[in-house]
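Residue numbers (the numbering used here): 54 to 584.
Glycine included, each C-beta is placed from N, C-alpha and C at the ideal position.
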C-alpha cells in the first residue's frame with residue numbers, strides 16, 4: 054500500500070508537470086510521511102541534498118492554490134525569496150509593453166539585496182525570458198518608481214528553461230527535414246528561431262504560417278499559448294501536443310464545420326490533457342486563420358464506467374453514462390469548432406450584405422438533447438471546486454462560466470433544474486424537467502448570450518461586470534453546495550502517452566504502452582532517454 058501511494062504521487066506530479074493540479078489549480082500534497090520521502094531521496098546524493106530544502110514547502114497545505122504570491126497562493130511566474138506585489142507586476146508589465154517585450158514566455162524574479170545587481174536604495178527585478186540562448190549579463194531596461202519613494206531597476210535576462218528549450222529546438226530542427234509542405238518547413242523553422250532567441254514576435258509569425266497548413270497528416274501545437282494559470286492573466290505556461298490525423302472520425306467533424314479534424318492524440322505536454330484545442334490567429338484586427346483539433350482517444354475516456362457520478366440522481370446514472378460520450382462529443386465540437394470566432398463569421402461586410410443567410414435563417418429540426426442540458430448542470434456544480442472562499446475569487450475562468458450558466462438557468466427558467474442536497478450526508482443531485490428545455494431553457498440562454506455579446510461588442514464593461522459578477526457569486530444555498538462538491542474528491546486522471554523514436558534507417562517508430570502505472574513509468578523513462 055505504501056509503495057502504491059509513493060507511485061501514485063510520483064505519477065501525479067509527472068502527469069500535471071507541476072506541484073498544482075491543472076484541473077482546479079490545487080496543490081498536490083504527498084499522502085506519505087516525511088520519513089518515507091526521506092528514504093526515497095536517499096537513493097540519490099543529489100536528491101538527498103535537495104530534500105531538506107523542499108520537504109517543508111512540499112508537505113505544507115498552504116499555499117494551497119495558484120494566485121498572486123501570498124500566504125494562501127503561490128505562482129511559478131513570480132519567484133524569489135521576496136514576495137512580488139501586484140502593483141509591481143502591473144508596473145513592470147506596462148514597461149514591457151512599452152518596450153515591445155511580450156510577457157507570455159517570461160517570468161518575474163525579485164532579487165535580494167545580497168545580489169550584486171541590487172543595492173540598498175532600490176529594488177531589483179529580473180524579467181526571465183524563456184530561450185535556448187543564454188545572456189552572460191542581463192540587459193538593463195530602465196528604472197521605475199514603485200510607490201512614493203521606492204525605486205526599482207528592471208533587467209531582462211534570456212535563458213530561462215534553456216536546457217529544455219535547447220532540446221526542443223534540436224527536435225524541431227530534425228522535424229524540418231521531414232516536413233511534408235513548405236508551410237510546415239517555414240513554420241517549424243520560425244518556431245526554432247523563436248525558441249532559440251526568446252523573440253515572441255517570431256512565434257506569432259510561426260503561428261500565422263502554421264494556420265495556413267490545412268489538414269496535415271500529423272498535427273502539432275506548441276508554445277507559451279494561454280495565460281489561464283497566471284493570476285495577472287498575461288504569462289503563459291508551456292503547452293505542446295502532437296496528434297495523428299484520423300480520417301474516419303474526421304468526417305463526423307466535417308459535418309459540423311469544414312475546417313475541423315479529429316486526431317489520435319500521440320502525446321501532450323501540459324498541466325491538462327484537453328479534449329480539444331482551438332487556435333484563432335488574429336493580429337491588428339485581421340483574422341489570419343483558425344485551426345481546430347479534437348483528440349478522439351482522449352474524448353473516449355469520458356465514457357469510462359469508473360467515473361464517479363456524484364451529482365446524477367441514482368435513477369438516471371445508467372442512462373446518463375450511456376449518452377455521456379455522445380453529449381461530450383457534440384458539446385465539445387460546437388464549443389471548440391463553431392463557438393470560437395463565430396462572431397467574426399456572422400458579420401455584415403458592407404451595408405446590406407451579410408456573410409450568412411440573414412433573410413432566411415435556418416430552423417433546426419433537431420430536438421435539444423436532454424442529457425446535453427443535464428451535462429450543463431453537472432459541469433456547473435463541479436465547477437464549484439475551484440471557487441476560493443477566502444478570496445471570493447475563481448481559480449478558473451472556465452469553471453466560473455460554467456457555474457454562471459447553471460445559476461442563470463436555475464434562477465430564470467421556471468424550475469428547469471431542480472437541485473437538492475443533504476449537507477449531513479454530503480449528497481447533491483441535479484434533475485432536469487424535459488418539458489421545459491425548449492420553452493424556457495433555450496430562450497433564456499439565448500437572451501443572456503445576446504446581452505453578453507452586445508455588451509462585449511460595445512465595450513460596456515460596467516454593465517457586463519455587474520451582471521456577470523452577480524451570477525458568478527457563490528451565495529445562499531450555493532455555499533452549502535460548494536462544501537459538498539469540495540468534499541467529493543474525484544480521482545485525478547493519469548494518462549499514458551505514446552512516444553516516437555527515430556530509427557537508424559530514418560524511419561519513425563511509434564511506441565505505445567500498457568494502460569497502467571508501470572506503463573506510465575516506462576513511457577517517461579524511454580521518452581527521456583530516447584531508448
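Contact under 7 Å by Cβ, residue 181 with residue 192: no
Residue 186 to residue 225 span [Cα, whole Å]: 16 Å
Bridge partner(s) assigned by DSSP for residue 407: 401
Contact under 7 Å by Cβ, residue 287 with residue 156: yes
Secondary structure of residue 317, DSSP reduced to three states: With a pLDDT of 49 at residue 317, under the threshold of 50, the modelled position of that residue is not reliable, and the figure given next carries that caveat. Three-state result, residue 317: strand.
Proximal residues to residue 249 (C-beta, below 7 Å), its chain only, five neighbours per side dropped: 184, 185, 186, 222
CB of residue 232 within 7 Å of CB of residue 241, strictly: yes
Inter-residue CB distance, residue 465 and residue 497 (contact presumed, cutoff 8 Å): 5 Å
Rounded Cβ spacing between residue 448 and residue 439 (contact assumed at less than 8 Å): 4 Å
Contact the region 135-148 vs the region 117-126: 3+ CB pairs below 8 Å: yes
Cβ separation of residue 619 and residue 485, assumed to be a contact under 8 Å, to the nearest whole Å: The structure shown does not extend to residue 619, since the chain spans only 54 to 584, so no value can be given for it.
Same chain, Cβ closer than 6 Å to residue 376, neighbours up to 5 away in sequence not counted: 424
Residues sharing a beta bridge with residue 343, DSSP: 333
Three-state secondary structure (DSSP) of residue 417: Its pLDDT being 44, under 50, residue 417 is placed unreliably in this model, and the coordinates cannot settle the point.
Cβ shell of residue 517 (< 6 Å), same chain only, five flanking positions each side left out: 508
Residue 159, enclosing beta strand (DSSP E) - first and last residue: 159-164
Residue span of the beta strand (DSSP E) that contains residue 273, given as start and end: 271-277
Runs of alpha helix (DSSP H) lying entirely within the region 482-513, each at least 4 residues, in chain order: 495-510
Cβ-based burial, residue 460 [other Cβ within 10 Å; buried from 16]: buried
Where residue 206 falls: helix, strand or coil (DSSP): strand
Distance between beta carbons of residue 456 and residue 437, contact taken as under 8 Å: 6 Å
Assumed close pair residue 264, residue 366 - CB separation to whole angstroms, cut-off 8 Å: Their Cβ separation, rounded to whole angstroms, is 44 Å, which puts residue 264 and residue 366 out of contact at 8 Å.
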